[in-house]
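See below for the structure under consideration.
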Amino acid sequence: MHTKLPSFINFCAVPKVEIVDEHGATAGDKFYKAGSTIELKCVVSNIPQPTGYVTWRHGSRTLNYDTTRGGIR
Numbered sequence: 002m003h004t005k006l007p008s009f010i011n012f013c014a015v016p017k018v019e020i021v022d023e024h025g026a027t028a029g030d031k032f033y034k035a036g037s038t039i040e041l042k043c044v045v046s047n048i049p050q051p052t053g054y055v056t057w058r059h060g061s062r063t064l065n066y067d068t069t070r071g072g073i074r
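Residue numbers (our numbering): 2 to 74.
Right under this line is the structure:
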């Protein structure tokens, strides 16, 4: 007769985050002229609970995506 030992599993889901281009393909390095308007899309997957928003940052500054142009320099 064997004694069964309890089993513990530690599950850690790591979100996958991708920046995609206008075609939905993973964006690599891109270069734009100063003053250009760009549109960034972020796809987040592998998360236990979806969130309603993503916070965009440029360095330590939070970007305001409610404006027509962000004015990032």
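Glycine included, every Cβ here is placed at the ideal spot set by N, Cα and C.
Item: Starting from the Cα of Lys17, find the closest Cα among Asp30, Val45, Glu40, Ala28 and give me that residue.; Value: Val45
Item: Under 8 angstroms by Cβ, that's how I've got Ala28 and Ile20 pegged, so tell me the actual separation to the nearest angstrom.; Value: 5 angstroms
Item: Please list, in chain order, all residues of the same chain as Arg58 whose beta carbon is under 7 angstroms from its beta carbon, the five residues on each side excluded.; Value: Leu64
Item: I need the straight-line Cα distance from Lys34 to Glu40, nearest angstrom please.; Value: 14 angstroms
Item: Between the Cα of His24 and those of Cys43, Val15, Pro51, Thr56, spot the shortest distance and give me the residue it belongs to.; Value: Cys43
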